[in-house]
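Engineer: First the structure, then my questions, so here it is.
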Amino acid sequence: MQKWVQKMVRSARQYYKLCPYFDKKTLQCFLKLGGKCDRDGRFDTCHVFVEFLQSKYVEYKSKKRVLPMDFLDVTV
867 MQKWVQKMVR SARQYYKLCP YFDKKTLQCF LKLGGKCDRD GRFDTCHVFV EFLQSKYVEY
927 KSKKRVLPMD FLDVTV
């Protein structure tokens, strides 16, 4: 699981400078459902972003689906 999560973080870093779930205008995190982002949009070591990816991994495995190879293929 950790390998896949790290691969998705690296893939997301290719496409986004800031977290894709961070609102620059209100400084809020969409994954926290309206909570302030305490990392200013940086997602490299963000525990909320990693937990989101871990939950996606569990969801894909429980439904016996193929794991995405790229972050853009991860569905919300």
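All the letters of the sequence shown, read from the start, carry residue numbers 867 to 942 under our numbering.
Just so you know, even glycine gets a beta-carbon here, dropped at the ideal spot from N, CA and C.
Using the three-state DSSP reduction, which class does lysine 922 fall into: helix, strand or coil?
Structural biologist: On the sequence shown, position 56 is the one that residue 922 refers to. Three-state DSSP puts lysine 922 in a helix.
Engineer: Counting Cβ pairs closer than 8 Å, one from the stretch 868–880 and one from the stretch 891–900, do we hit at least three?
Structural biologist: Short answer: they don't touch.
Engineer: Which partner residues of glycine 901 appear in the DSSP bridge assignment?
Structural biologist: For the purposes of this step, residue 901 is taken as residue 35 along the sequence shown, with counting starting at 1. Paired residues: Cys895.
Engineer: Starting from the Cα of leucine 938, find the closest Cα among Phe909, Gln880, Met867 and Cys903 and give me that residue.
Structural biologist: Position 72 of the sequence shown, counted from the start, is the residue given in the question as residue 938. Closest by alpha carbon: Gln880.
Engineer: Run through DSSP, which three-state label would aspartate 939 get?
Structural biologist: Taking the first residue of the sequence shown as 1, we reach residue 939 at position 73. Looking at aspartate 939 - three-state DSSP - the assignment turns out to be helix.
Engineer: Within this structure, are the beta carbons of phenylalanine 918 and cysteine 903 separated by less than 9 Å?
Structural biologist: Locating residue 918 in the sequence shown gives position 52, where the first residue counts as 1. Locating residue 903 in the sequence shown gives position 37, where the first residue counts as 1. Their beta carbons are not under 9 Å apart, which means phenylalanine 918 does not touch cysteine 903 by this criterion.
Engineer: Please state whether DSSP places phenylalanine 915 in a helix, a strand or coil.
Structural biologist: For the purposes of this step, residue 915 is taken as the residue at position 49 of the sequence shown. Phenylalanine 915: helix per DSSP, three-state reduction.
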